[in-house]
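Note sheet for the following structure.
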Amino acid sequence: MLEDIRVSVNELLGINFTSEMWWRIDNYIYAILIFLFFQLSRVFLRKLTYYIVKKTANNYDDGILNTLKTPIDFMFIVIGVDVAKSVLYLSPTVDLFLDHIVRTGFIVILFLGLINILNHLSINIYKITNRFGDKISPDVANFVVKSIRFFIIIIGFIVVLQEWGYNVSGFLASMGLVGMAFALAAKDTAANLFGSLVIFTDKPFRIGDWIKTPEVEGTIETIGIRSTKIRTFAQAQVTVPNGTLANSAILNWSRMGKRRVKMNLGLVYDTPATTIQKIIDDIKTMLQNHNEIDQETIHIYFSEFDSSSLNIFCYYFTKTTNWGEFMRVREDTYLKIMAIVEQNGSSFAYPTQTVYLENNNKVE
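Under the working numbering, think of the first position of the sequence shown as 1114, with each following residue one higher.
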């Protein structure tokens, strides 16, 4: 039957194909059928996988399937080409060229799969960067993802060059020279990037912290790759390069465990010693019974004979570090101290000066 078909084709085309030519045609037909078989298998496997995945309750496997869809499709194409090629009798040059194409295809599949998996798992990068603070600008996570993707692409490109016989050592040397030139031209940008790494690893502050540096004081709004934005108390926004910020002394007020209250209480000079001792004891008792005062450190002492007052030194801490709450607690203690002074019959001194005039009577 096959011979009858060949005779019919010869008569239809008016060409007398030899047996060797028919043998080659048969090989090409087999190669095409093998390639089509792999493509049909790819379609069937995809439909079967989607059917199985839809039966599951979670969406995690859906994301993995979408991530690996393109690399798997490309893999069936490359495998189909490789198997179909094996049934053809090609010249050594063409066969070597196709071998390079197939191996390059497998390299591309591998690195494409890595990039797609990285893109799918990029949401986990936010969880990793959150270890450096409660909130970090999305630019940080994007920077981490893009950096990893860049290195994957570079490594894949080098592997492809090696596959095609190029001198990778020379390429890497030239890339080193280009990198040096780029680093010299963009040294400030590089300094800011390294400053960002220092900030992310040392964690001197996080978004929402109140900090003070030699250049600026305010609340952290965003922490970016190149710079950090700080909102001052005058509501102006200051952008500080991370390189500058990483090399500055940073005072983080938000890291306080408690807030200090320190003052000198001046009483009038005619206050008796027993009254001063009673006022000191009453203030200590009031602070020790105050629910919002830290009990670890409370110092209330008669400290100084000032020029116009008898000073009582008051030193204690509030439990809260929030500025508004601190102001409220401090106000409450101040009012109670005023009441204690009044209850003990004393009063607060203010700067005064007494002038004594001597009356010299002249005798005539």
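Cβ coordinates follow ideal geometry from the N, Cα and C atoms, glycine included. All of these numbers come straight from a predicted model, not from anything done at the bench.
What are the boundary residues of the alpha helix (DSSP H) that residue i is part of?
| i | result |
| --- | --- |
| Asn1216 | Contrary to the premise, residue 1216 reads as Arg rather than Asn in this sequence. First-last of the alpha helix (DSSP H) with Arg1216: Pro1205 to His1233. |
| Asn1417 | A small correction: the amino acid at residue 1417 is Glu; Asn does not occupy that position in the sequence shown. Glu1417 -> not in any alpha helix (DSSP H); beta strand (DSSP E) instead, spanning Ile1406 to Phe1418. |
| Val1200 | That residue, Val1200, is in no alpha helix (DSSP H); it is neither H nor E in DSSP. |
Is residue i helix, strand or coil when you go by DSSP?
| i | result |
| --- | --- |
| Lys1342 | strand |
| Phe1390 | Here the sequence assigns Gln to residue 1390, which means Phe is not the residue at that position. Helix, per DSSP. |
| Thr1467 | coil |
| Gln1456 | helix |
| Val1353 | strand |
| Lys1475 | Any answer about Lys1475 is weak, because its pLDDT of 49 lies below 50 and its placement is not dependable; what the coordinates show is given next. The answer is coil: DSSP assigns Lys1475 none of H, G, I, E or B. |
| Tyr1279 | coil |
| Ile1425 | strand |
| Thr1431 | strand |
| Leu1402 | This sequence places Asn at residue 1402; Leu is not what is there. It is coil, neither helix nor strand. |
| Asn1516 | Only positions 1114 to 1477 of the chain appear in this structure, which leaves residue 1516 out of reach. |
| Phe1318 | coil |
Spatial neighbours of residue i within its chain, please: C-beta separation below 7 Å, excluding the five flanking residues on both sides.
| i | result |
| --- | --- |
| Ala1359 | Gly1308, Val1311 and Ile1312 |
| Arg1373 | Phe1430 |
| Trp1277 | His1213 |
| Val1468 | none |
| Tyr1202 | Asn1140 |
| Ser1459 | Leu1380, Val1381, Thr1384, Thr1388 and Ile1392 |
| Gln1408 | Gln1401 |
| Arg1155 | Asp1186 and Phe1189 |
| Val1369 | Contrary to the premise, residue 1369 reads as Met rather than Val in this sequence. Excluding positions up to five away in sequence, the list reads Thr1434. |
To the nearest whole angstrom, what separates the beta carbons of residue i and residue j, a pair I think is in contact under 8 Å?
| i | j | result |
| --- | --- | --- |
| Lys1432 | Met1399 | About 16 Å separates the two Cβ atoms, so there is no contact after all. |
| Val1200 | Val1215 | Actually they do not touch by this definition, with Cβ atoms about 14 Å apart. |
| Ile1393 | Phe1415 | 6 Å |
| Ile1222 | Phe1187 | 5 Å |
| Val1194 | Phe1157 | About 19 Å separates the two Cβ atoms, so there is no contact after all. |
| Leu1380 | Ala1462 | 6 Å |
| Asn1365 | Asp1322 | 6 Å |
| Ile1363 | Phe1318 | 7 Å |
Check for me: the beta strand (DSSP E) holding residue i runs from which residue to which?
| i | result |
| --- | --- |
| Ile1336 | Glu1330 to Ile1336 |
| Met1376 | Arg1372 to Leu1380 |
| Trp1323 | Trp1323 to Lys1325 |
In chain order, what residues of the same chain lie with their CB nearer than 6 Å to the CB of residue i, ignoring the 5 residues before and after it?
| i | result |
| --- | --- |
| Val1442 | Glu1405 and Thr1431 |
| Glu1417 | Asn1424 |
| Pro1354 | Asn1305 and Ser1340 |
| Gly1226 | Pro1184 |
| Tyr1428 | Lys1375 and His1412 |
| Asn1457 | Thr1388, Lys1391 and Ile1392 |
| Thr1332 | Trp1323 and Arg1344 |
| Ala1197 | Ala1144, Ile1147 and Phe1148 |
| Glu1334 | Lys1342 and Arg1344 |
| Leu1470 | none |
| Asp1445 | none |
Please return the same chain residues whose Cβ sits closer than 8 Å to the Cβ of residue i, not counting the five positions on each side in sequence.
| i | result |
| --- | --- |
| Leu1231 | Val1258, Ile1261, Arg1262 and Ile1265 |
| Phe1439 | Arg1372, Thr1431 and Thr1433 |
| Ser1361 | Thr1326, Pro1327 and Glu1328 |
| Arg1137 | Tyr1202 |
| Thr1465 | Ser1421 |
Any Cβ of chain C within less than 9 Å of the Cβ of residue i?
| i | result |
| --- | --- |
| Ser1199 | In the structure shown, chain C does not exist; there is a single protein chain. |
Given the structure, does residue i come close to the ligand MN, in the sense that its CB is under 8 Å from one of the ligand's heavy atoms?
| i | result |
| --- | --- |
| Arg1137 | Summarising the ligand content, the structure contains no ligands, and the ligand MN is consequently not present. |
query = Would the segment 1342–1357 and the segment 1384–1399 be scored as touching if the rule is three or more Cβ pairs under 8 Å?
reply = no
ask   = Is it a yes or a no for the segment 1374–1384 touching the segment 1323–1336, going by three-plus beta-carbon pairs under 8 Å?
value = no
inquiry  = Check whether the segment 1210–1224 and the segment 1258–1273 are in contact - that is, three or more C-beta pairs closer than 8 Å.
reply    = yes
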